[in-house]
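*Asks:* Each residue of the sequence shown is one higher than the last, beginning at 305 in our numbering.
We treat Cβ as the ideally placed atom computed from N, Cα and C, and that holds for glycine.
From a predicted model like this one, the values you see are computed outputs, not experimental measurements.
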Amino acid sequence: MIRSEFQGVGMRKGELARLHIIEKAAPVFNQLGYGGTSLAHLTEATGFEKSGIYRHFSSKEDLACQAFDYTYQIAWNTKFASLKDLSSGIAKVEGFIHNFFSIRSPVPGGCPIYNNAVFARESNPALKKRSQKGYKCWVNALKDFIDEAKAEGEIRANIDSEKLASFLLVSLEGSLIANNLIQRVGISNDTADELIDYLRTKRP
305 MIRSEFQGVG
315 MRKGELARLH
325 IIEKAAPVFN
335 QLGYGGTSLA
345 HLTEATGFEK
355 SGIYRHFSSK
365 EDLACQAFDY
375 TYQIAWNTKF
385 ASLKDLSSGI
395 AKVEGFIHNF
405 FSIRSPVPGG
415 CPIYNNAVFA
425 RESNPALKKR
435 SQKGYKCWVN
445 ALKDFIDEAK
455 AEGEIRANID
465 SEKLASFLLV
475 SLEGSLIANN
485 LIQRVGISND
495 TADELIDYLR
505 TKRP
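1. When you compare only the Cα positions, how much space is there between residue 423 and residue 469?
2. Verify whether the separation of the beta carbon atoms of residue 445 and residue 375 is less than 8 Å.
3. Buried or exposed for residue 334, please, with buried defined as at least 16 other CB atoms from any protein chain shown within 10 angstroms of its CB.
4. Using only the alpha-carbon positions, how far apart do residue 362 and residue 407 sit?
5. Classify residue 419 as buried or exposed, calling it buried when 16 or more other Cβ atoms lie within 10 Å of its own Cβ.
6. Taking the alpha helix (DSSP H) that residue 465 belongs to, which residues open and close that run?
7. Grouping DSSP H, G and I as helix and E and B as strand, with all else coil, what is residue 347?
8. Helix, strand or coil, according to DSSP, for residue 497 in the structure here?
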């Protein structure tokens, strides 16, 4: 979703301003949600007046969508980048489970998919669609790891890869809800441990 235009190399002044606004607005939307983010929040965070923001974005919704793309890509890199060098599919699945809690995105506010599931709902259809697409991408990535593990004989061939991937991600995201309610870090660790144990029941 986020391409090399966010790298800042060889960018024009207007493009740099647009990137600056996205980078500063992203944590605000990620922490407060679309409905909870006001123009005052955005002007304070970005240092741009209303006219300056809307010179680069057609609407608050447009900026929110671009900020989500930015936050999502960083979250993706944080969770998945280190997995490509692992030697087996099962190691990648287990690595993702551990990374989900142990490696935090540098954008404050936590998981953008979880946040938008809570905040977006029906208030911003475009943002909801982006969140749905992001969720499906994560499920598909996990599915690919599971398929790899099946091909390597680490998971039984009759296991439905997509259902297992969805179950794992739903469990991980659900633990965020419980952790936010109870404020106990151990919930996340317990969830990760239980999911690793559950994976062992899927082995041949």
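*Replies:* Answer, in terms of the structure:
1. Stepping through the sequence shown from its first residue, residue 423 is reached at position 119. Stepping through the sequence shown from its first residue, residue 469 is reached at position 165. One C-alpha to the other measures close to 24 Å.
2. Here residue 445 is taken as the residue at index 141 of the sequence shown, counted from 1. Here residue 375 is taken as the residue at index 71 of the sequence shown, counted from 1. Not closer than 8 Å, so no.
3. Here residue 334 is taken as the residue at index 30 of the sequence shown, counted from 1. Buried is the call here.
4. In the sequence shown, counting from the first residue as 1, residue 362 sits at position 58. In the sequence shown, counting from the first residue as 1, residue 407 sits at position 103. Rounded to whole angstroms, residue 362 to residue 407 spans 34 Å at the Cα level.
5. Within the sequence shown, the letter at position 115 stands for residue 419. Buried: at least 16 other Cβ atoms inside 10 Å.
6. Indexing the sequence shown from 1 puts residue 465 at position 161. Where residue 465 is concerned, the enclosing alpha helix (DSSP H) stretches over 465-486.
7. As a first step, residue 347 must be located in the sequence shown, where it is residue number 43. Three-state result, residue 347: helix.
8. Locating residue 497 in the sequence shown gives position 193, where the first residue counts as 1. Looking at residue 497 - three-state DSSP - the assignment turns out to be helix.
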